[in-house]
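Protein chains: 2
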Amino acid sequence: MNEIDELLAIRAAELYFEEDKTQDEIGQILNVTRWKVGRLLSAAKSSGFIRIEIVHPRARRLQLERRLRETFGLEDAVVVSNAGISSQDEIQIRAAQAAADYLTALRPVPRLLGVSWGRTMHEVSSRLKNGWASGVNVVQMNGGVSLNKRPGTAAATAMNIAQKAGGQAALLPSPAILERLETKHAIESDRVVAAVLEMARNAKAFLFSAGQADHDSAHIESGYLSPSELDELVRKGAVGDVIGRYIDSDGNIVDSALNERTIGMGLDELRAASNTIAVVAGPMKHAVAGALARSGLCKTLITDEGTAIALLDGE
Amino acid sequence: MNEIDELLAIRAAELYFEEDKTQDEIGQILNVTRWKVGRLLSAAKSSGFIRIEIVHPRARRLQLERRLRETFGLEDAVVVSNAGISSQDEIQIRAAQAAADYLTALRPVPRLLGVSWGRTMHEVSSRLKNGWASGVNVVQMNGGVSLNKRPGTAAATAMNIAQKAGGQAALLPSPAILERLETKHAIESDRVVAAVLEMARNAKAFLFSAGQADHDSAHIESGYLSPSELDELVRKGAVGDVIGRYIDSDGNIVDSALNERTIGMGLDELRAASNTIAVVAGPMKHAVAGALARSGLCKTLITDEGTAIALLDGE
DNA sequence: AGGCCATCTGCTCATTCGAGCAAAGCCGTG
DNA sequence: CACGGCTTTGCTCGAATGAGCAGATGGCCT
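Line by line, the protein sequences give chains A and B. Residues 1 to 315 (the working numbering) make up the first sequence, in order. Residues 1001 to 1315 (the working numbering) make up the second sequence, in order.
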């Protein structure tokens, strides 16, 4: 497009979108035919001069969803818009809302749903509506008895989801990570724990988030890892954790000894499951979201616009 | 609009604007009639969920232009868009470009054009195209022999504008502000100076900018005022200067003694002129732009989106 | 100069869209 | 339960628009 047409296109776009004039009227104003106006407008669109944004917390970016599905071979993807956000927290809230919506609309309704815990999952649980489903039981996928702060949020998350669907929650009464391998084996051999783990493996769908590998991690907040242990994991390539297990950017376990001491489903079991839904959003989680998407740890990814663009650019 | 319709409207907008589906197709997807889809879309528009932006350095905001004309009784207004700017400087550049465009399109072509000087005006002069008009002579409206930095930019601005239109520039060989009133009278009585001032009063159109009253002012940079003198002006209510004369937010001279020592056309002469075009843009200039618009110092205002909104909100 | 290819222009026609209207649904009231 | 006002729904019809095409235009090489 030459400069004169470009300027004409801008004038036409102003009159068409801001002043609600018809292409015919614009033609008279700019002294061109209405067909030329139509061509100018489509040229302006395809040159990217015209940006149309849907500003709403529930708005999604369907184009990015399609590109994510195609690029990473995902079964499904949900990308929430970042338009009009006022704080970082809002990105997480929007993604959590989208996950709640997705879960509500999920068909067939999973009789048994495996869930993880964490800030995002807690947000999802609180945004689900009462009666979002009827008779969905919930089981925890990984240990989450918090050691110090905010005790019981892991349990509350699962309970909340189950109660609102009129179902039961099966809680995993165990820490996330044990200090000694023997303790971990002892806990695993407990009949209740073993039964819950077995139940989790049979869940029809899994909904989980992921944590970034930094000092804001829920594992540090909960006291399962010290900041220096986490630094060591980062040194080994960790980008974040999925159901308590730290992975590198290829989705591989970074510390197999630590992994052995972690209670809950294994990542291979997760990869083998058919309906795995990950909710991972926000700029801190770009790296771990990439690891998830590339390594097949989830079949469905629920994320935000910024993360989606980062993943697609990174490819 | 209830919540269900709101969500439907968002889905419809996504499919319509992002996926280019017809309203009929969307109706099939969402299980509503195509008329309902149309109504949802117009509801979404009027609720402000759909934001259409024209992202281009030459884009204008016609709505704001109309509101400025109506609110301040301006003959004309040009408001450049702020969409997609990467730095503050770009706002000034866009406004300068708009001023150059405006001048080029101005009819009837002014045989004699009065101009001021400063960063913005210099930018305007450099963005005018060679041959933007034929046979337009230019005259300086106010003194501008710089005392220290960037000598000659005031003269270069006027020369540039004139040369590109194949005309002559009449320069005012005088400082902007004199220290002593006697010196000012002496300079004014010089035959060349008097002739140029007389010529300026007869210009058919005037194009000028305005400076903000702060320590970045061109008057301080050029050495006409010391920072402390400027602080004193601010204390008296100065918001900025127009052709070298400091005004308060009502457009009145704040220091009549200083005004007396300033060489160039007077503000009353400017108010009485028929075709006065001011270019004032950027967040620093909101106050002085407001003074200009409210006090009738310009008939045409060329500014940016942010300033226009500030002016309209302030009313 | 003449001819050729690529682009641009203005048109026809079919599709899509929006304004306006009558009928249907909804709600509170007597 | 019947009634009257109010909103919502599905429709008709004409305006607005986009796709596709034939002819015009213009640069460019021979």
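Just so you know, even glycine gets a beta-carbon here, dropped at the ideal spot from N, CA and C.
Flag residue i as yes if its beta-carbon sits less than 7 Å from any beta-carbon of chain A, otherwise no.
i: Arg-1060 of chain B; result: yes
i: Ile-1093 of chain B; result: no
i: Phe-1049 of chain B; result: yes
i: Ala-1043 of chain B; result: no
i: Gln-1063 of chain B; result: yes
At least one CB of chain B closer than 7 Å to the CB of residue i: is that the case?
i: Ile-54 of chain A; result: yes
i: Ala-156 of chain A; result: no
According to DSSP, simplified to helix, strand and coil, what is residue i?
i: Arg-94 of chain A; result: helix
i: Gln-63 of chain A; result: helix
i: Asp-1216 of chain B; result: coil
i: Tyr-224 of chain A; result: coil
i: Gly-306 of chain A; result: helix
i: Glu-53 of chain A; result: strand
i: Gly-1290 of chain B; result: helix
i: Ser-42 of chain A; result: helix
i: Leu-297 of chain A; result: coil
i: Gly-1211 of chain B; result: strand
i: Ala-13 of chain A; result: helix
i: Ala-205 of chain A; result: strand
i: Met-284 of chain A; result: helix
i: Val-950 of chain B; result: Outside the shown range of chain B (1001 to 1315) lies residue 950 of chain B, about which nothing can therefore be said.
i: Val-1192 of chain B; result: helix
i: Met-1001 of chain B; result: coil
i: Gly-1314 of chain B; result: helix
i: Glu-1019 of chain B; result: coil
i: Arg-69 of chain A; result: helix
i: Gly-318 of chain A; result: Here chain A covers residues 1 to 315 and nothing more, so residue 318 of chain A does not appear.
Note down, in chain order, every chain B residue with its Cβ under 7 Å from the Cβ of residue i.
i: Ile-10 of chain A; result: Ile-1054, His-1056, Arg-1058, Ala-1059
i: Ala-13 of chain A; result: Ile-1054
Quick one: list the residues of chain A neighbouring residue i, beta-carbon separation under 8 Å, in chain order.
i: Phe-1017 of chain B; result: Ile-52, Ile-54
i: Leu-1007 of chain B; result: Arg-58
So which residues on chain A does residue i lean against when the C-beta distance must stay under 7 Å?
i: Gln-1028 of chain B; result: Residues of chain A passing the Cβ test: none, with the nearest at roughly 16 Å.
- Task: Flag this pair as touching only if the stretch 1162 to 1176 of chain B and the stretch 1121 to 1140 of chain B have three or more C-beta atom pairs under 8 Å; answer yes or no.
- Result: yes
- Query: Where in the stretch 72 to 144 of chain A do unbroken runs of the beta strand (DSSP E), each at least 3 residues long, occur, reported from the N-terminal end onward?
  - Reply: 76 to 80, 112 to 115, 137 to 140
- Task: Would you check if there are 3 or more beta carbon pairs closer than 8 Å linking the stretch 1295 to 1306 of chain B to the stretch 1064 to 1080 of chain B?
- Result: yes
- Query: With a cut-off of 8 Å, do at least 3 Cβ pairs link the stretch 1303 to 1313 of chain B to the stretch 1268 to 1282 of chain B?
  - Reply: yes
- For the stretch 228 to 282 of chain A, which segments carrying the alpha helix (DSSP H) assignment without a break, of at least 4 residues, lie completely within its bounds, in sequence order? 256 to 260, 267 to 272
- Message: Under 8 Å: do the stretch 1014 to 1026 of chain B and the stretch 106 to 126 of chain A share three or more Cβ pairs, one atom per stretch?
- Response: With a cut-off of 8 Å on Cβ pairs, the stretch 1014 to 1026 of chain B is not in contact with the stretch 106 to 126 of chain A, counting fewer than three such pairs.
- Query: How about the stretch 225 to 241 of chain A and the stretch 250 to 260 of chain A: do they share at least three Cβ pairs that are nearer than 8 Å?
  - Reply: yes
- Query: Just checking, does the stretch 1041 to 1050 of chain B make contact with the stretch 91 to 101 of chain A on the three C-beta pairs under 8 Å criterion?
  - Reply: no
- Secondary structure, beta strand (DSSP E): runs of 3+ residues fully inside the stretch 153 to 185 of chain A: Contiguous beta strand (DSSP E) elements confined to the stretch 153 to 185 of chain A do not occur, taking only those with 3 or more residues.
- Message: Count Cβ pairs between the stretch 1021 to 1041 of chain B and the stretch 74 to 90 of chain A that sit closer than 8 Å; are there 3 or more?
- Response: With the cut-off at 8 Å, the stretch 1021 to 1041 of chain B and the stretch 74 to 90 of chain A do not touch.
- Can at least three beta-carbon pairs, one atom from the stretch 1258 to 1274 of chain B and one from the stretch 1079 to 1087 of chain B, be found at a separation below 8 Å? no
- Query: Touch check for the stretch 215 to 227 of chain A and the stretch 171 to 186 of chain A: three-plus C-beta pairs under 8 Å?
  - Reply: yes
- If you pair each beta-carbon of the stretch 1226 to 1235 of chain B with each one of the stretch 1197 to 1211 of chain B, do three or more pairs fall below 8 Å? no
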